[in-house]
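First comes the structure, then the notes that go with it.
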Amino acid sequence: MSEHLAPYDSPRHRDETAIAGMWLFLASEILLFGGLFLIFVVYSHTRAAGWALGVRHTNLMIGGINTALLLTSSMAYTLGVDAARNENARGVILAGLSAAGLGVTFLCLKGWEWHTELADHLFPGPGFALGGPQAGGAQLFYSFYFLSTALHGLHMLVGIGLIGWICLRTYRGRSAPLIAMPVEVVGLYWSFVDLVWVLLFPVLYLIGRV
Amino acid sequence: MTWLPAASVHAGQVDILLGGLLLISLAVLGLVFGLMLLNIIRFRVGSRVPVSAETVAHKSWRFEIAWTSVTLAVFFALFLWAARLYVVGFQPPSGAIQIYVTGKQWMWKVQYPGGQREINALHVPLGRPVQLLLTSEDVIHDFSIPALRIKHDVLPRRYQSLWFTATQVGAFRFYCTQFCGIGHSRMTGTLIVLTPTDYANWLGQTPASGSLATRGEALFIHNGCSGCHVSQPYSPGADDTSRAPSMVGLYGSQTMGPDGQRVKVDNAFLHDAILHTATVSGQAAAYATQMPSYRGVLAEEDLAALIAYIQTLSPSRLSGVGMSASPERKGN
Amino acid sequence: MAPTSDPQTMQRSYLWQDGTLRSWLLTTDHKRIALLYMASITAFFVLGSLGAALIRLHLISPTGAILSDETYSRMFTMHGIVMVWLFLVPSIPVTLGNFLVPLMLGAPDLAFPRLNLISWYLFVMAGALVVYGLFRGGLETGWTFYTPLSTDYTQGRVLPVVAGVFLSGFSSIATGVNFIISIHQLRAPGLTWYRLPLMLWALYATSVIFVLATPVLSITLVLLAFEHVFHVGVFDPALGGDPLLFQHLFWFYSHPAVYIMILPGMGVVSEVVSTFCHKPVFGYRFVAWSSISIAAIGFLVWGHHMFVAGTSLYAAVVFSMLSFLVSVPSAIKVFNWLGTMHGGAIRLDAPMLYALGFIGLFTVGGLTGLFLASLASDVHLTQTYFVVAHFHYIMVGGMVSAYFAGLHYWWPKITGRMYPEMWGRTAAALLFFGFNLTFFPQFLLGYEGMPRRYATYPAQFQVLNVLSSAGASILALAYILPLIYFIWSLFRGARATANPWQATGLEWRTSSPPPTENFIEPPVVTHDAYDYAALDHPAPAPQAEPPHV
Ligand code: HEA
Ligand code: HEA
Ligand code: CUA
Ligand SMILES: [Cu+2]
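Printed below as a string of structure tokens:
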């Protein structure tokens, strides 16, 4: 196979193109989660009482800590993007590792939360823990809960993988000048994952709690 | 092959609409194919008449605006015509005969107010409005009567309504038109329109297991509803509603929905309230007991009977108005 | 290897530069990926067509001629799913689109060449999953997967099929992102937006739908699978869910998806009509923006599939009105094509015949779409063969014709060889007649009330069904014929010049077939699209001179 010319005019052109591509991909992600949020919009309205019952059984404590973790992680990574722009490889790796570390902590906590909920029979199905006339709505809430947190968790995993890859390639390429573009592209994605959580948090833990 | 009969006034009106659509389509097709042919004949290479492309291009704006606005106008007229017919077509008149139709993989069960029942057949009288209350026991079906130009999806745990006034005696096919599994094409039946006298005879000859409401009353007692709910208007203790709300005068009244919003008690509401699904009254706390769910206990036919019975407890409201399965409830 | 009359161009071209299998499977050249896609979707088309053949054979008899009810249900489900997701949605974008977008932009490749290759692998995996599911167990839900049938009642293989369709969605999104970014970023110097060929406007609009509608399908399928496995009640009324929610979500994707299945065809037809009339497209800007407005308004009309499903009357009225509105831009296109023909120098080569077939059959399909958008008449016609005829007129009569028009038109560019013109015209004519014979009777069947998805039917419908089946066999010929002569032309066809049709697009300025890097010398654009005056009397501007071979 022949060596293929890259379709770009210049490195700058290439970087712009990659970042535009990521934005467009995120637009598509918004609609992915948008479809899921429709479930929330519909059922939290038509089955409000049961929905609220479900919300009251989530673990606000873990949810709150996780929100803080993720916000910090996003901030850490932003510092990494800054470092990349200043061609500071060490800064990128440091920021990347702390962002990924916070992300992993988030996932561990989330896993623990899932574990307790499964143990409490909060997974919808025949043995569902909450009874009474509002059980149906609460089950719908927990369907939404497990699905949305699973989907978000999957995005976190991908994000952590990407950050790991950034750290690795920065580490390997220490001697050459640092290219900021991949760091920024991953940064966009990571902020998006963070943003989704910021929207999920009130929906899963707050609205209907009081 | 016979041409499809139009067995109601509505069917005739739909045919006129279809005729209108057909005429417009033929005109447009004539225009499109005509212009295509003319262009080919006149401008084919070989028979070439030189025309300056510039002059044509310059006039383009005027053409664009002209055909866009004409198309818009035609479309708007068609839209209004068809929408009006549809909205009217789905609003049942008062005093219609209510017939319950239940779809099930793969048959139609039909119940009459007098308690008669049949499968895959529907008898109706000529010239009287009939309202079908449709529900399903499993998946989504669709009840379609081409001769009347009407159909509606039949959803599980919900009532949908269709109404018509047949104007032609005879037998017409009805179909299930929503794919519902492998027996879908076998889920058909016959609509039989009888003269009022024949209809009365038919009702008389068909063995009935008590009227629907009577059967409902038996079920009401048998299933223990009467243990909590008051249902006899003038009996001693008729005002004892400490255990559960009274059924007297309930139908057609307003009550509190699950979210504290006011909802109207109609067939669909009763259906859900008994099964304890979507719309349970938001006032559970006010009573000494908790209503058990009858999901899985009562079949759709039983529910139809119970609802018919509960309706009889509100005689003044049994006018038929607003008795549709209220499509507006499903607006979400 | 094949003998060529001009070995030099051939060897330099993307086709023969490196002939190893490995170089094909790992290629990032958009032109080779287009060919990989072409091979895959052709296979799926054959598969889906065999399904159609069995359907039509079965329906010759009112009691069903050859299949059991169950097999019949599986057959139309397979036919619908394969035809929609594995053939028609990808068809023009991933083959002609992939091949042409960089060429029309004057660029060496798409913006993300590796993503392009990945999207092909995703597509192949998706296809494999779907085929596995459909043949190891099968599925009987129709292509629409309505709940609760698909979640709680079917015995079929929901999971692999749904997973396959889900994956194919990712492949679509990747293609969409690639096209949009390429069109924004990789235009040749001088190629302003209003100089873009209309094909690119159409593909741009298509890509917008790919990117924004497909994820909704993805999440819907995830919900469906979740519900199917755990029975949690999201769509199950028995557990308090709402089955209509599924329909809303599904059609929110699938209505825009029908425009995915027509816009690229409209792009092809704009190119072909202009070339074979040797005249600029009438009302260029209107045609361009009508593509965008179809894509935009197309997101707002999904409810017209649910007029009898149990939504509110109010919603039905609004959706009906919007459905009429979305038809206006299609009307604009039809009239502008006719305007283009007026005063041109019309040549009736095979691509033009297919394009004219498109205009006629699409108009019939679109007009019958209006029957369905009209509320009261839809109540009578919905879920009958009228709907089946409506969408085949647009998807087969329209889009498949457009695909064939494009294939014939760009065949010389893709392969460097001409197809046999006489046979091309014969096949086009055969397609038109076979098609009408197959599907016109279905309008009558629908009006008479014959429901769709019926394995058996009342005897009074037999005559029309037999007519339809007879038509399908002619249609089959019209598909097999090009298959044969295209393969023949690959080895024996006359050698094509760089611009056999006297067309204006940038793709015609490079050799046929193009070199791997597309243009030896990067092109500079100095004219509007479809500027035949400049083509016929080239100004002595040296930098606009094509690298002739
Ligand atoms: C490529 C695919 C494609 C395209 C482009 C369209 C285009 C249109 N479709 Fe179609 N449709 C389908 C594929 C497609 N459809 C499929 C697959 C289904 C069935 C799904 C299923 O249930 O399995 C379906 C079903 C379907 C329904 C639901 C039917 C039902 O199930 O009850 C409706 C209802 O409104 C509809 C309407 C329309 C309209 C108004 C257009 C318009 O965009 C058409 C616009 C075009 C024109 C109108 C023609 C050109 C215009 C002129 C020449 C102007 C002059 C005209 C006048 C002045 C009158 N379609
Ligand atoms: C998107 C593209 C597409 C295409 C191209 C087609 C092509 C065809 N379709 Fe299809 N069809 C759909 C999409 C498509 N269809 C969809 C979405 C449905 C709805 C499914 C559902 O309800 O869920 C449907 C449903 C559908 C039905 C309704 C089934 C029912 O409701 O019960 C029918 C019935 O006639 C039908 C017929 C045909 C025919 C005759 C063709 C013809 O064009 C095909 C002609 C071809 C042949 C007759 C065979 C040719 C053979 C070869 C090319 C093979 C080569 C030969 C050898 C290997 C020896 N289709
Ligand atoms: Cu019941 Cu189809
Ligand atoms: Cu649609």
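In order, the protein sequence lines correspond to chains A, B and C.
Numbering of the first sequence is given in this note's numbering, commencing with residue 641 and proceeding in unit increments.
Numbering of the second sequence is given in this note's numbering, commencing with residue 6 and proceeding in unit increments.
Numbering of the third sequence is given in this note's numbering, commencing with residue 84 and proceeding in unit increments.
Virtual Cβ for every residue (Gly too), placed ideally from N, Cα, C.
For Gly827 (chain A), there is no enclosing beta strand (DSSP E); the residue is found in the alpha helix (DSSP H) stretching over 820-841.
Within the segment 293-305 of chain C, the residues whose Cβ lies closer than 8 angstroms to any Cβ of chain A are, in chain order, Val294, Leu295, Ala296, Thr297, Pro298, Val299, Ser301, Ile302, Thr303, Val305.
Cα atoms of Pro597 (chain C) and Ile670 (chain A): separation of roughly 39 angstroms, rounded to the nearest angstrom. Chain-ordered, the chain C residues with CB closer than 7 angstroms to the CB of Ile679 (chain A) read Val317.
In its chain, beyond the 5 residues on either side, Ala12, Ser13, Ala16, Phe169 have a beta carbon closer than 6 angstroms to the beta carbon of Leu153 (chain B).
When the alpha-carbon of Phe673 (chain A) is set against those of C:Thr103, C:Ala136, C:Pro298, C:Val471, the nearest one is in C:Pro298. One alpha carbon belongs to Val294 (chain C), the other to Phe253 (chain C), and they sit about 9 angstroms apart. The C-beta separation of Thr317 (chain B) from Ala218 (chain B) comes to about 5 angstroms, placing the pair in contact by the 8 angstroms criterion. Within chain C, no C-beta atom comes nearer than 9 angstroms to that of Phe169 (chain B); the closest sits roughly 12 angstroms away. Straight across, the Cα-Cα distance linking Asp319 (chain C) with Leu304 (chain C) is about 15 angstroms.
Contact note: Gly186 (chain B) reaches chain C through Ser156, Glu223, Leu232, Tyr236, Thr237, using a C-beta cutoff of 8 angstroms and chain order. Counting only residues whose CB is nearer than 5 angstroms to a non-hydrogen atom of ligand 3, the list in chain order is B:His146, B:Cys181, B:Cys185, B:His189, B:Met192. In the displayed model, Ile603 (chain C) falls within coil according to three-state DSSP, outside both helix and strand. At a cut-off of 8 angstroms between beta carbons, Val826 (chain A) makes no contact with chain C.
The closest CA to that of Leu453 (chain C), considering only B:His146, B:Leu83, B:Gln121, B:Arg47, is found on B:Leu83. Between Val248 (chain C) and Ile164 (chain C), the CB-CB gap stays under 8 angstroms. Taking the Cα of Phe441 (chain C) as reference, the smallest distance to any Cα among C:Met349, C:Ser374, C:Ser265 is reached at C:Met349.
If you check each beta-carbon in the segment 758-791 of chain A against every beta-carbon of chain C, the ones closer than 7 angstroms belong to Pro764, Gly765, Gly776, Gly777, Gln779, Leu780, Ser783, Leu787. Against chain C, the beta carbon of His653 (chain A) has neighbours under 8 angstroms at Gln268, listed in chain order. Take the alpha-carbon of Thr718 (chain A) and the one of Val823 (chain A): they are about 10 angstroms apart. At least one CB of chain C lies nearer than 8 angstroms to the CB of Ser668 (chain A). Looking at A:Val732, A:Gly731, A:Leu762, the one whose alpha-carbon comes closest to that of Asn699 (chain A) is A:Leu762. Chain-ordered, the chain C residues with CB closer than 8 angstroms to the CB of Ala660 (chain A) read Ile264, His267, Gln268. Contact between the segment 597-608 of chain C and the segment 259-274 of chain C is present, with at least three C-beta pairs closer than 8 angstroms. Pairing Tyr502 (chain C) with Leu564 (chain C), the inter-Cα distance amounts to about 12 angstroms.
Check the Cα spacing between Leu198 (chain C) and each of C:Leu232, C:His113, C:His267: the tightest is with C:His113.
Annotated as proximal: Ser290 (chain C) and Phe262 (chain C), with beta-carbon spacing under 8 angstroms. The segment 487-496 of chain C makes no contact with the segment 410-430 of chain C; the number of CB pairs closer than 8 angstroms stays below 3. Residues of the segment 224-235 of chain B whose Cβ lies closer than 9 angstroms to any Cβ of chain C: none.
For Lys109 (chain B), the uninterrupted beta strand (DSSP E) run begins and ends at 102-109, by DSSP. Considering only C:Gly323, C:Arg535, C:Arg500, the residue with the shortest C-alpha distance to Pro773 (chain A) is C:Gly323.
Note that the segment 41-50 of chain B does not touch the segment 193-205 of chain B; fewer than 3 beta-carbon pairs, one per stretch, sit closer than 8 angstroms.
In the three-state reduction of the DSSP assignment, Met112 (chain B) falls in the strand class. In this structure, the alpha-carbon of Ser265 (chain C) lies about 9 angstroms from that of Ala190 (chain C). Distance from the C-beta of Val384 (chain C) to the nearest heavy atom of ligand 4 is below 7 angstroms. Where Val268 (chain B) is concerned, there is no enclosing alpha helix (DSSP H), although the beta strand (DSSP E) around it starts and stops at 267-269.
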